[in-house]
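**Student:**
Residue numbers (my numbering), protein chains in the order written: chain A, 13 to 758; chain B, 445 to 731; chain C, 348 to 428; chain D, 128 to 285.
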């Protein structure tokens with residue numbers, strides 16, 4: 013792909029901070045989210061969920077519920093088409109349990125009724141007979157040979173023989189001679205870590221409104237990170253043709269990866285099909301915690317060798333992740349990301365995924381990476397402490413850079429890690445004095461970033477304005493960034509552009525909003541679509557002027573004659589060309605569709621100061637600074653917003669957030685009261701430093717920025733707390749009881 | 445379910461007495477509404493007592509204050525008189541929930557909810573506050589300390605409800621304080637809590653003290669041994685150590701999602717120490 | 348011929364070899380040859396793989412050109428949040 | 128369950144509705160009055176997304192019964208702007224990029240307005256504690272605090 017790779021170009025719109033196009037709707041309460049719409053004749057549905065961690069469904073008797081006045085439809089797993097594809101079958105089995113319930117909160121039956129109260133009353137009339145089975149919720153316990161088997165026959169061919177049936181996959185990455193590497197080390201530290209499952213914690217519960225008519229056509233409104241993915245999953249589940257299901261993405265009240273799949277959408281469609289009326293489902297917060305996307309929980313061993321002068325000689329990590337009751341490939345990404353920040357001669361990572369009786373893992377911001385990098389960055393910090401070395405200097409000494417063979421295989425292109433570390437070193441935060449009882453922590457972080465399938469249409473209106481139609485729900489301000497890139501490329505003001513997000517029938521496929529892909533991929537497609545429209549506008553101008561279209565260039569929002577014709581005609585602006593478009597061949601639109609690559613990996617470095625109350629184990633975050641390479645920050649405010657938001661999610665993960673299971677295998681804290689996300693008063697200002705090391709894969713140098721910021725906080729906090737209390741912490745979250753216990757052990 | 449807004453305490457008492465099914469009193473509603481939402485409680489009658497004259501009033505009485513049962517945390521916090529007399533009680537009430545919850549939640553509701561971790565209650569127990577209770581047979585007074593008997597359980601009879609809480613007058617050189625431990629800075633339920641109320645003589649010696657602990661036993665617990673530990677002392681290190689030991693010894697907590705037995709036991713003593721020092725300073729003492 | 352680096356856990360399907368040499372000029376040919384010559388890799392290839400070509404990751408694009416001197420690394424198919 | 132007739136005032140307008148005795152004010156606003164600006168993030172008073180004012184007091188509308196609104200004065204996000212003229216807080220939130228997904232924004236704006244009416248010149252710490260009951264998962268709160276302070280400063284000098 014030939015790219016106009018001119019990173020030093022002077023931007024007019026990109027890099028500025030215009031108001032976001034959805035701003036007024038969102039500050040006035042007018043923006044419509046998943047639960048904010050209704051339809052004539054609409055029914056409300058609720059879902060009966062398993063009270064058991066693991067049980068066989070012996071029988072389901074819905075007769076009394078169906079007989080209740082106002083109940084219009086009842087569905088169970090039998091109402092969905094069986095799937096050949098394992099991945100799809102798992103998604104569906106997670107939406108509605110088939111033969112066994114696999115975790116506390118697993119959906120069993122859904123009821124649609126004329127109102128919420130009747131639907132809830134109907135759930136109480138349903139008799140489900142369960143045969144309780146032994147359960148396992150801990151990843152290490154699940155990997156033992158005598159552990160209850162969550163699902164049989166799910167191990168991939170990659171799993172070594174002799175392991176528990178709960179182990180579904182195994183991966184190994186790395187290069188070099190580990191033994192030789194450890195031989196060269198002056199100090200070797202080996203330590204084991206655990207991290208709790210955490211939830212994305214979006215404030216908007218899943219919600220949808222489905223309407224299917226007797227001729228098999230259906231419309232679905234839902235909050236999702238990917239309407240096309242919802243369309244594909246739901247049409248398969250319902251045995252429909254994709255074209256018959258139109259999915260419209262509502263405004264989305266947070267996703268962070270957790271809204272990249274379906275939970276209630278196929279259920280609402282099945283209920284609507286049965287009842288012949290629109291059906292709305294809105295999850296309660298309790299349901300969100302019990303039945304939707306937590307991260308993996310993990311147990312990790314890391315061993316790293318270092319010479320006295322701070323050179324890492326070898327690194328090894330064994331990662332055991334559980335993505336809940338279904339197979340999950342997240343450990344692959346953790347195992348690849350673990351040592352990505354380092355230039356190593358010898359490195360090996362082994363990963364295993366094990367089934368447990370927990371909800372099915374859903375992606376959460378850089379899935380798999382925070383856990384692995386937490387463990388590695390903790391051991392690097394401990395080595396620095398043991399050897400009396402500066403942790404930033406050690407990272408600089410070992411930093412991956414352009415030409416480094418990465419720990420997961422590929423050789424890095426231009427990357428910003430060294431620049432990011434240098435920026436941290438030069439920042440006043442790094443040299444600010446610390447008081448007694450305080451500690452400073454540092455961690456690097458990494459994420460791959462993705463491109464993916466993308467489709468954009470750019471319509472030039474006759475009044476000289478432009479509509480961009482794209483297909484990725486805006487979770488962090490992407491409509492603003494895309495409008496900026498369209499304005500930049502076309503050479504017209506930002507406020508002449510309106511970017512909207514299409515439903516599935518209005519635009520070709522777009523991959524979900526994930527992998528930090530949207531500003532990169534949709535932006536790139538928008539630039540290409542603008543170039544397509546520009547070519548057409550130049551051609552129209554050439555026609556008008558009666559010159560060869562090759563002799564027309566686009567400059568500052570206008571066509572200009574060039575070459576031998578230069579100066580012969582005054583430039584014709586986009587508005588002027590658009591105004592006569594009906595006379596020159598019809599409407600003008602640019603399109604681009606592609607499978608984007610070249611996303612460019614992302615690195616960040618976080619610095620944090622904490623103070624620990626040694627009598628209570630409470631940690632106070634005093635100062636926090638995020639350094640990250642954004643390639644080119646299209647809208648710096650929203651880049652900062654990603655850096656700050658990701659950092660705070662990571663702070664929550666490090667200090668207080670966790671899924672807590674009781675002996676009975678049931679989730680103990682399915683609410684915001686006891687699942688403790690950070691509140692405003694917990695936090696200091698989050699300072700940000702954006703580095704711009706252009707991504708060679710994008711004409712403006714853009715890199716994805718959304719995921720990397722959640723990676724470093726786990727180790728940064730753990731390193732800061734460990735230094736503050738003089739004891740190495742190795743388990744997340746570092747809740748006050750854990751810190752006090754560590755202190756008492758000394 | 446029926447919803448009633450009686451205009452007198454007698455009318456309310458009558459409504460409750462006549463209801464054969466389950467009744468819930470609604471003042472701030474911050475617990476009742478959560479119970480309704482969860483579906484665990486399905487009352488037949490909800491009695492909103494906010495419209496009964498006097499129940500939203502704070503009235504000076506015998507040098508102390510009578511706080512109506514429907515006075516919200518925010519309203520109490522804005523009352524300079526109560527703040528000055530019983531700052532520890534007020535700070536306990538103000539720790540219940542968010543700003544939004546403060547706009548509704550009441551001290552009386554917090555007491556009647558029967559939570560061992562209720563933030564308003566240790567301060568009230570330390571203050572030896574007296575609850576006024578309305579029932580089918582009229583009004584009675586009862587020390588706050590005698591109301592909770594276990595998680596979610598109180599000594600109130602089925603048809604009884606609180607109308608006010610009386611915070612008594614106190615001698616010069618008195619002070620109180622309440623501290624709780626939560627993992628975050630806001631929005632959590634207390635994992636351990638301590639309230640201390642004390643009176644000093646002119647020399648700064650503690651002449652009277654009450655110490656109450658929260659979240660470390662099935663009910664809020666008055667700990668006379670802890671009070672004894674500081675009586676006659678000037679909060680010197682030995683007295684503090686004895687106070688902490690007495691508090692930890694009085695703990696009978698559980699392991700749960702909020703904290704461990706070990707943690708609660710240790711932190712209760714720490715909080716009692718810190719609360720005692722604040723109360724001491726508020727009473728005019730200098731350590 | 349291109350030399351394809353195979354990640355650790357798949358090497359037991361390539362007789363422990365990595366890199367393996369295959370005759371391919373694009374991603375599709377590469378996957379087809381690998382499946383033919385090392386049938387044990389087929390299940391993973393069908394589940395999905397990514398390809399890192401000279402340091403850049405491609406997820407699906409069949410006709411991505413591979414030069415004889417390209418650095419070619421097979422990776423698991425990945426998804427983000 | 129017999130429905131209850133309620134006469135109330137919402138954003139200065141007289142409003143009547145009927146509701147079930149156990150129906151929350153939030154459900155009434157959203158489902159009966161079409162005011163969907165207040166959001167249900169938890170239904171238990173832990174997230175603040177449903178914040179409204181009731182007789183001038185900031186409350187979670189999920190913790191208020193619809194029936195309690197009888198004779199009361201309810202203020203919601205829909206009443207914050209004066210027609211087309213945004214409230215300074217709304218403008219400052221847009222200017223300072225203080226929202227990402229926006230689901231918490233209505234609740235935070237209603238809460239921030241209540242704060243500035245009570246305390247026109249709060250410290251950052253006071254803003255943070257006042258807003259502790261309004262969860263935001265996108266922004267890390269930093270830009271929200273800046274936006275509230277920017278609005279406070281502009282409102283003081285207006």
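We put the beta carbon where it would ideally sit given N, CA and C, even for glycine.
(1) Out of C:427, C:357, C:348, which one is the CA nearest neighbour of residue 373 of chain C?
(2) Can you tell me the Cα-Cα spacing of residue 526 of chain A and residue 406 of chain C, whole angstroms?
(3) Which full runs of the beta strand (DSSP E) of 3+ residues lie inside the stretch 525–602 of chain A, going along the chain?
(4) Under the DSSP definition of a beta bridge, which residues are partnered with residue 328 of chain A?
(5) Mind checking whether residue 528 of chain A and residue 466 of chain A have CB atoms under 9 angstroms apart?
(6) My output table needs one value for residue 118 of chain A: the three-state DSSP class, helix, strand or coil.
(7) How big is the Cα-Cα spacing for residue 745 of chain A and residue 685 of chain B?
(8) Hey, would you say the C-beta of residue 481 of chain A is under 8 angstroms away from at least one heavy atom of the ligand GDP?
(9) For the stretch 39–89 of chain A, list the alpha helix (DSSP H) runs that are entirely contained and at least 4 residues long, ordered along the chain.
(10) Do the stretch 303–316 of chain A and the stretch 373–389 of chain A meet, that is, are 3 or more Cβ pairs less than 8 angstroms apart?
(11) What do you reckon, are the CB atoms on residue 530 of chain A and residue 510 of chain A nearer than 9 angstroms?
(12) According to a CB-to-CB cut-off of less than 7 angstroms, which residues of the stretch 665–681 of chain A neighbour chain B?
(13) So, does the CB of residue 492 of chain B fall closer than 9 angstroms to a CB anywhere in chain D?
(14) Within 9 angstroms (strictly less), CB to CB, does residue 630 of chain B reach chain D?
(15) Which chain B residues are close to residue 132 of chain A, counting only those with a beta carbon under 9 angstroms from its beta carbon?
(16) Considering only DSSP beta bridges, list what residue 592 of chain B is partnered with.
(17) Taking 9 angstroms as the CB-CB cut-off, is residue 543 of chain B touching chain D?
(18) Here's a check: name, in chain order, each residue in its chain whose Cβ is nearer than 6 angstroms to the Cβ of residue 361 of chain C, leaving out the five neighbours to either side.
(19) So the beta strand (DSSP E) residue 616 of chain A belongs to, where does it begin and stop?
(20) Would you mind telling me which residues of chain D sit closer than 8 angstroms to residue 473 of chain B, beta carbon to beta carbon, in chain order?
(21) So, for residue 448 of chain B: in the same chain, excluding its five sequence neighbours on each side, which residues have a beta-carbon less than 6 angstroms away from its beta-carbon?
(22) Can you pull the chain A residues whose beta carbon is under 9 angstroms from the beta carbon of residue 703 of chain B, in chain order?
(23) Spatial neighbours of residue 102 of chain A within its chain, please: C-beta separation below 8 angstroms, excluding the five flanking residues on both sides.
(24) Check whether the stretch 665–681 of chain B and the stretch 601–620 of chain B touch, using three or more Cβ-Cβ pairs below 8 angstroms as the test.
(25) Would a check of beta-carbon distances place residue 607 of chain A closer than 9 angstroms to chain C?
(26) Pick from C:381, C:364, C:363: whose alpha carbon is nearest that of residue 370 of chain C?
(27) Return the CA-CA distance between residue 598 of chain A and residue 563 of chain A, expressed in angstroms with no decimal places.
(28) Report the rounded CA-to-CA distance for residue 232 of chain A versus residue 279 of chain A, giving the unit in angstroms.
(29) Between which two residues does the alpha helix (DSSP H) holding residue 544 of chain B run?
(30) What are the boundary residues of the beta strand (DSSP E) that includes residue 471 of chain A?
(31) Which full runs of the alpha helix (DSSP H) of 4+ residues lie inside the stretch 454–521 of chain B, going along the chain?
(32) Can you check which of these residues, A:332, A:757, A:393, A:383, is closest to residue 179 of chain A by C-alpha distance?
(33) In terms of residue numbering, what span does the alpha helix (DSSP H) encompassing residue 709 of chain B cover?
(34) So residue 345 of chain A contacts chain C; which residues on that side make the cut at Cβ distance below 9 angstroms?
(35) Which runs of the beta strand (DSSP E), 3 residues or longer, sit entirely within the stretch 631–671 of chain B?
(36) Kindly list the residues whose CB is nearer than 8 angstroms to the CB of residue 531 of chain B, restricted to its own chain and excluding five residues on each side of it in sequence; keep chain order.
**Tutor:** Once the coordinates are examined:
(1) When only C-alpha atoms are compared, the closest one is C:348.
(2) Using only the alpha carbons, I get a separation of about 14 angstroms.
(3) The stretch 525–602 of chain A is shown to contain whole beta strand (DSSP E) runs of 3 or more residues at 564–567, 570–573, in chain order.
(4) Answer by DSSP bridge pairing, in chain order: A:315, A:360.
(5) No, they are not a contact pair.
(6) Residue state, collapsed to three classes: coil.
(7) If you take the alpha carbons of residue 745 of chain A and residue 685 of chain B, they lie about 31 angstroms apart.
(8) Inclusion of the ligand GDP in the displayed structure is not the case, the ligand content being empty and no account of it being possible.
(9) Whole alpha helix (DSSP H) segments, 4+ residues: 75–79.
(10) Contact annotation: the stretch 303–316 of chain A touches the stretch 373–389 of chain A, with at least three C-beta pairs closer than 8 angstroms.
(11) No, Cβ-Cβ distance for residue 530 of chain A and residue 510 of chain A is not below 9 angstroms.
(12) The stretch 665–681 of chain A vs chain B, Cβ under 7 angstroms: 668, 672, 680, 681.
(13) At a cut-off of 9 angstroms between beta carbons, residue 492 of chain B contacts chain D.
(14) It does: the Cβ of residue 630 of chain B has a partner Cβ on chain D nearer than 9 angstroms.
(15) Within chain B, the residues near residue 132 of chain A are 483.
(16) DSSP output for residue 592 of chain B lists B:598 as bridge partner(s).
(17) Interface criterion met: the Cβ of residue 543 of chain B is under 9 angstroms from a Cβ in chain D.
(18) Spatial neighbours of residue 361 of chain C in its own chain (CB-CB distance under 6 angstroms, excluding positions within 5 residues in sequence) are listed in chain order as 353, 367, 385.
(19) That run of the beta strand (DSSP E) goes 614–625.
(20) Near residue 473 of chain B (Cβ distances below 8 angstroms), the residues of chain D are 190, 191, 192, 195.
(21) Only 459, 491 meet the Cβ criterion.
(22) Here the neighbours are 747, 748, 749.
(23) Excluding residues within five positions, the ones whose Cβ falls inside 8 angstroms are 338, 339, 372.
(24) With a cut-off of 8 angstroms, the stretch 601–620 of chain B and the stretch 665–681 of chain B do not count as touching, because too few Cβ pairs lie within range.
(25) Using a CB distance cut-off of 9 angstroms, residue 607 of chain A counts as an interface residue toward chain C.
(26) Comparing Cα positions, the closest option is C:381.
(27) One C-alpha to the other measures close to 22 angstroms.
(28) If you take the alpha carbons of residue 232 of chain A and residue 279 of chain A, they lie about 11 angstroms apart.
(29) Boundaries of the alpha helix (DSSP H) around residue 544 of chain B: 543–546.
(30) Segment 464–472, the beta strand (DSSP E) holding residue 471 of chain A.
(31) Complete alpha helix (DSSP H) runs here, min 4: 476–482, 517–521.
(32) The candidate whose alpha carbon is nearest that of residue 179 of chain A is A:332.
(33) It spans 705–726 - the alpha helix (DSSP H) in which residue 709 of chain B sits, taken as one unbroken run.
(34) Here the neighbours are 423, 425, 426, 427.
(35) Every beta strand (DSSP E) stretch that sits fully inside the stretch 631–671 of chain B and reaches 3 residues is listed by chain position as 636–644, 650–658.
(36) Taking residue 531 of chain B as the centre and dropping the five residues before and after it, the same chain places the C-beta of 619, 620, 621, 726 closer than 8 angstroms to its C-beta, in chain order.
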